[in-house]
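Going line by line, the protein sequences match chains H and Y.
For the first sequence, numbering that gives the first Met the number 0 assigns the number 0 to the initial residue and increments by one for each residue that follows.
For the second sequence, numbering that gives the first Met the number 0 assigns the number 0 to the initial residue and increments by one for each residue that follows.
Contents: one structure, followed by commentary.
Number of protein chains: 2
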Amino acid sequence: MEHAIGVIDSGVGGLTVAKEIMRQMPNEIIYYVGDTARCPYGPRPEEEVRRFTLQMAGFLVERQIKMLVIACNTATAVVLKELRETLDIPVVGVIAPGARAALKVTENRKIGILGTIGTIKSQAYVHELKMINQQIEVEQLACPKFVPLVESFEYQSAVAKKVVAETLIPIKGKGLDTIVLGCTHYPLLGPLIQQEMGPKVKVISSGEETAQEVSTILDFNGWLNPSLAVPKHRFFTTGSQSIFRRIASDWLQIDDLHIEFVNLRNHEYLLGN
Amino acid sequence: MEHAIGVIDSGVGGLTVAKEIMRQMPNEIIYYVGDTARCPYGPRPEEEVRRFTLQMAGFLVERQIKMLVIACNTATAVVLKELRETLDIPVVGVIAPGARAALKVTENRKIGILGTIGTIKSQAYVHELKMINQQIEVEQLACPKFVPLVESFEYQSAVAKKVVAETLIPIKGKGLDTIVLGCTHYPLLGPLIQQEMGPKVKVISSGEETAQEVSTILDFNGWLNPSLAVPKHRFFTTGSQSIFRRIASDWLQIDDLHIEFVNLRNHEYLLGN
């Protein structure tokens with residue numbers, strides 16, 4: 000099926016998922032919405048996260064996507080269930096794929112979760128891991144300084160290195176063998192996180208795993224795109240097109256990105272009130 | 000849902016998939032059928048592979064499984080499509096998960112496939128890989144000596160080491176960065192294969208990946224087993240219960256396995272002729 004895969008995020012973090020979809024399924028077309036103007040979602044009240052996410056979903060559903068990926072852990076924790084019940088296309092979040100990958104690679108069953116305040120408070124990873132395997136021990140850590148570093152294009156700076164080192168202190172020395180980057184922004188800090196945790200700790204990026212699950216579900220339904228034409232991706236941002244372009248070009252290694260401004264306030268029909 | 004996951008294979012190879020399902024989803028119950036008496040399937044004509052596989056599937060469907068895993072590459076290549084169309088439960092094979100994992104981990108896009116004569120001739124991996132990414136280069140190698148080594152409990156012997164080394168000669172030095180064990184028996188030879196290919200080559204076991212996709216599909220449908228009772232697995236073999244027990248106990252590290260003999264010739268209703 001040649002329809003696009005919709006990818007939504009609070010900002011640029013979901014690009015880590017989009018990049019993996021492009022790498023693992025180069026025929027697929029992506030329509031991406033980054034709500035950069037209202038990022039970060041992590042510290043926001045649930046009702047706001049819900050409203051903003053349903054606006055993004057509504058905007059893409061009008062454009063006939065075949066599948067929706069909520070490429071934001073905070074939004075996944077709040078509205079995955081509701082969107083699955085509301086939409087008649089498959090909706091995939093980033094929490095279950097990351098959790099499942101951690102269950103696959105852990106040997107000592109001690110898993111660490113790094114996430115935003117919202118994601119950590121929701122206990123979504125703990126719930127998902129324990130639902131599948133009660134014997135898993137989980138350590139959670141909220142890292143509220145990470146998203147602003149990424150959104151301000153600071154993720155390779157000396158400041159980033161210092162912030163990462165200080166933030167991770169509470170979970171070092173706890174014998175974790177697996178760390179889940181429970182926020183799609185964090186893979187941009189991935190090398191610093193891996194360095195800080197040491198080479199023996201497996202660092203799971205939800206992006207790679209979510210892309211694999213998207214592929215699983217498209218393939219299972221016979222919906223993979225058979226077209227060999229170069230896919231025409233579209234990127235929408237609620238904020239500055241130039242900052243979005245700078246980060247997206249750097250991360251995706253694509254020069255001629257088509258980036259459009261969108262006002263989401265006109266796309267409220269999924270809110271139903 | 001407390002119903003079992005059905006797992007079928009030509010013999011003991013599918014235990015590599017069953018083991019991963021147990022490890023990644025310890026709440027799930029497994030009903031396993033190994034057609035040990037008629038193993039290997041690899042060199043058999045398609046019509047035989049089809050008939051034997053439909054017998055196994057029919058036997059398990061009568062026992063109300065919620066999902067069927069064809070844990071045999073040869074059988075997947077021949078009957079996955081037909082079983083998906085016939086049964087009203089999800090049917091998962093081992094080829095797509097292995098292919099998808101290879102697409103995820105390869106960096107130089109050069110992937111090797113080891114399989115039985117039947118699997119290699121079917122071009123099923125080549126088709127799956129190229130459908131998703133046309134730029135992948137694939138080298139295939141039939142390894143007909145591997146399954147007999149495993150079924151005869153010879154997989155840790157000096158003979159096995161020699162056979163593996165000799166068999167892999169044609170694909171060494173071709174610059175592959177990823178090898179898919181395209182037969183569920185091969186993970187039992189996994190350490191020898193890894194040693195022979197060297198530490199830089201990523202060796203993909205379909206078992207791990209298939210278990211993750213089973214989890215994806217159960218979770219997506221809300222069918223994961225919420226029961227915390229110790230799952231009562233059942234193992235059926237068409238051949239010697241004692242040889243099956245010996246290999247299964249060694250591989251699964253479970254002592255008190257419940258192994259039953261089954262005559263599949265009474266379970267032909269899926270054959271429809």
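We treat Cβ as the ideally placed atom computed from N, Cα and C, and that holds for glycine.
Strictly under 8 Å for the Cβ-Cβ distance: is Asn132/H near chain Y by that measure?
Output row for Asn132/H: interface = yes.
Can you have a look at Ile168/Y and say buried or exposed, based on whether 16 or more other CB atoms are within 10 angstroms of its CB?
exposed
Taking Val149/H and Leu187/H to be in contact with their CB atoms under 8 Å, please state how far apart those CB atoms are, rounded to whole angstroms.
5 Å
Using three-state DSSP, classify Lys129/Y as helix, strand or coil.
Helix.
Strictly under 8 Å for the Cβ-Cβ distance: is Lys103/H near chain Y by that measure?
yes
Please name the residue or residues paired with Ala123/H in a DSSP beta bridge.
Note: Ala123/H sits in no beta bridge, so no partner.
Own chain partners of Asn107/Y with C-beta closer than 6 Å, once the 5 adjacent residues on each side are dropped:
Asp176
To which residues does DSSP link Gly111/H through a beta bridge?
Glu138/H and Ile178/H
Does Met24/Y have its Cβ less than 8 Å from a Cβ in chain H?
Yes, its Cβ sits closer than 8 Å to a Cβ of chain H.
Using a threshold of 8 Å, state whether the C-beta atoms of Thr115/H and Thr183/H are closer than that.
no
Between Pro25/Y and Ala17/Y, what straight-line distance do the alpha-carbon atoms span, to the nearest angstrom?
11 Å
As a quick exercise: from Ile7/H, Gln139/H and Ile64/H, pick the residue whose alpha carbon is nearest that of Ala222/H.
The sequence given here has Trp at residue 222/H, not Ala. Ranking the options by Cα distance to Trp222/H, first place goes to Ile64/H.
Compute the beta-carbon to beta-carbon distance between Gly117/Y and Pro225/Y, rounded to the nearest angstrom, for a pair I have assumed lies under 8 Å.
Their Cβ separation, rounded to whole angstroms, is 39 Å, which puts Gly117/Y and Pro225/Y out of contact at 8 Å.
In chain order, what residues of the same chain have a beta carbon less than 7 Å from the beta carbon of Met55/H, not counting five sequence neighbours either side?
Ile7, Val32, Asp34 and Leu263
Between Glu207/Y and chain H, is the shortest Cβ-Cβ distance under 8 Å, so that the two count as touching?
yes
Hey, Ile246/H and Phe152/H are a contact pair by Cβ (cut 8 Å); roughly how many whole angstroms apart?
Indeed they touch by this definition, with Cβ atoms about 6 Å apart.
From Ala210/H to Gly13/H, what distance separates their C-alpha atoms?
Distance from the CA of Ala210/H to the CA of Gly13/H, rounded to the nearest whole angstrom, comes to 11 Å.
Under 8 Å, do Leu82/Y and Val90/Y count as touching if we go by C-beta distance?
yes
Within a Cβ cutoff of 6 Å, which residues of the same chain sit near Ala76/H, ignoring the five residues on either side of it in sequence?
Thr118, Ser121 and Ala123
Do you know whose CA, among Glu267/H, Cys38/H, Ser214/H and Gly111/H, lies nearest Ile28/H's CA?
Ser214/H
Residue burial classification, Gly97/Y (beta-carbon count within 10 angstroms, cutoff 16)
buried
Going along chain H in order, which residues have a C-beta closer than 7 Å to the C-beta of Asp87/Y?
What Asp87/Y touches in chain H: nothing, since even the nearest Cβ is about 15 Å away.
Of the residues Gly10/Y, Glu84/Y, Tyr30/Y and Met66/Y, which one's Cα is nearest the Cα of Thr48/Y?
It should be noted that the sequence gives Val, not Thr, for residue 48/Y. Of Gly10/Y, Glu84/Y, Tyr30/Y and Met66/Y, the residue nearest in Cα terms is Gly10/Y.
Output yes if chain H places a C-beta closer than 8 Å to the C-beta of Ala95/Y; else output no.
yes
Would you say Val261/H and Phe58/H are within 8 Å of each other, going by their C-beta atoms?
In this structure, Val261/H sits near Phe58/H, with a CB-CB distance shorter than 8 Å.
Mind checking the region 196-221 of chain H against chain Y and listing, in chain order, the residues whose C-beta falls within less than 8 Å of any C-beta there?
Glu207, Ala210, Gln211, Glu212, Ser214, Thr215, Ile216, Asp218 and Phe219
Neighbouring residues, chain H, relative to Leu223/Y (Cβ below 8 Å)
Met130 and Ile131
Segment limits, alpha helix (DSSP H) that includes Glu106/H
Looking at the DSSP string, Glu106/H is not in any alpha helix (DSSP H), and its letter there is neither H nor E.
In chain order, which continuous runs of the alpha helix (DSSP H) of length 4 or greater are located wholly inside the region 46-113 of chain H?
If only complete runs of 4 or more residues are kept, the region 46-113 of chain H shows the alpha helix (DSSP H) at 72-85 and 94-104, in order along the chain.
Closest Cβ-Cβ distance between Arg99/Y and chain H: below 8 Å?
yes
Interface partners of Leu67/H on chain Y, CB under 7 Å
Result: empty, since nearest Cβ-Cβ is about 13 Å, beyond 7 Å.
For Leu128/Y and Ile135/Y, I'd like the C-alpha separation in whole angstroms.
7 Å
Could you check the C-alpha separation between Leu191/H and Phe145/Y for me, to the nearest Å?
42 Å
For a contact meaning CB atoms closer than 8 Å, what does Leu14/Y contact in chain H?
Under the 8 Å cutoff, chain H gives no residues; its nearest Cβ is about 18 Å from Leu14/Y.
Residues of the region 223-246 of chain H with Cβ closer than 8 Å to any Cβ of chain Y, in chain order
Leu223, Pro225 and Leu227
Between which residues of its own chain and Glu259/H is the CB-CB distance below 8 Å, once the five residues before and five after are set aside?
Sequence-distant Cβ neighbours of Glu259/H in its own chain, meaning closer than 8 Å and more than five residues away, are Arg233, Phe234, Phe235, Thr236 and Gln240.
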